[in-house]
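1 is the number of the first residue of the sequence shown in full-length UniProt numbering; add one for each residue after it.
From the three backbone atoms N, C-alpha and C, an ideal C-beta is built for every residue, glycine too.
Please read these numbers as outputs of a predicted model, since none were measured by experiment.
Below you'll find the structure, written out as C-alpha cells, and then a few comments.
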Amino acid sequence: MMGLVEATRVDRWLWSVRLTKTRPDAAAACRGGHVRVNDRIAKPSTMLSPGDQIRVRMADTTRIVEVLRVIHKRVGAAEAVTCYLDRTPARPAEPVIAVAVRDRGAGRPTKRDRRLLDKWRAGLG
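Set out below in C-alpha cells:
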C-alpha cells in the first residue's frame with residue numbers, strides 16, 4: 001500500500017480516485033468553475049487535505065464528497081472508494097407515468113373509446 005500524503009492538487013486527486021476519467025478532464029472542470037472545495041471555486045492547483053468537502057458538477061449530476069485520504073497516484077476502483085465519503089443526496093424517484101394500451105390491430109379508437117380515454121386522462125391530471 002502506498003504512503004499517505006498530507007496534501008495534493010485537486011485535479012490530481014479527482015483523477016486518482018476516479019471521479020473523472022482523465023486528469024485533463026479534472027483540470028478542465030476546475031477551470032470551468034464546476035469544482036468547489038469547501039464552498040470555494042477551485043483552480044486545478046488548489047491543495048486538498050483530509051476533511052475537505054468537494055462538490056463536482058459532472059454532466060447532469062453534482063457529486064458531493066468528503067476527502068478521507070489524500071493520494072496522488074491513480075489506484076484501483078476498490079481502493080479509490082476508500083479515499084472519500086460520498087455525501088451526494090439520493091436522486092428523487094422519477095414518477096411512473098401510466099400509459100393507455102390498446103390491443104394490436106384494434107384499429108382507431110371509437111368515439112366511446114376516446115371519451116373513456118379523456119375521462120381517464122382527466123383523473124390523472
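* Applying the criterion that 16 or more other CB atoms from any shown protein chain within 10 Å of the CB defines a buried residue, is ILE71 buried or exposed? -> ILE71 is buried by the Cβ-count criterion.
* To do: Can you say whether TRP120 is buried or exposed, counting buried as having 16 or more other CB atoms within 10 angstroms of its CB?
  => By the 10 Å Cβ count, TRP120 comes out exposed.
* To do: Give the range of the alpha helix (DSSP H) segment to which VAL10 is assigned.
  => Where VAL10 is concerned, the enclosing alpha helix (DSSP H) stretches over 10-16.
* Going straight from the alpha carbon of MET1 to that of ARG40, what length do you get? -> Residue confidence is low: MET1 scores 48 on pLDDT, short of 50, so the model does not pin down where it sits. Its coordinate-derived value is still stated next. So the two alpha carbons sit approximately 32 Å from each other.
* Contact between the region 74-84 and the region 101-120: three or more CB pairs below 8 Å? -> no
* Which residues mark the beginning and the end of the alpha helix (DSSP H) in which GLU79 is found? -> Membership of GLU79 in the alpha helix (DSSP H) is indicated by the continuous run 77-80.
* Asked: How should THR20 be labelled, buried or exposed, when 16 other C-beta atoms within 10 angstroms of its C-beta is the threshold for buried?
  -> buried
* Of the residues ARG9, TRP13, ALA7, the one placed nearest VAL75, counting alpha carbons only -> TRP13
* Asked: Taking C-beta to C-beta, are VAL10 and ALA42 nearer than 7 Å?
  -> yes
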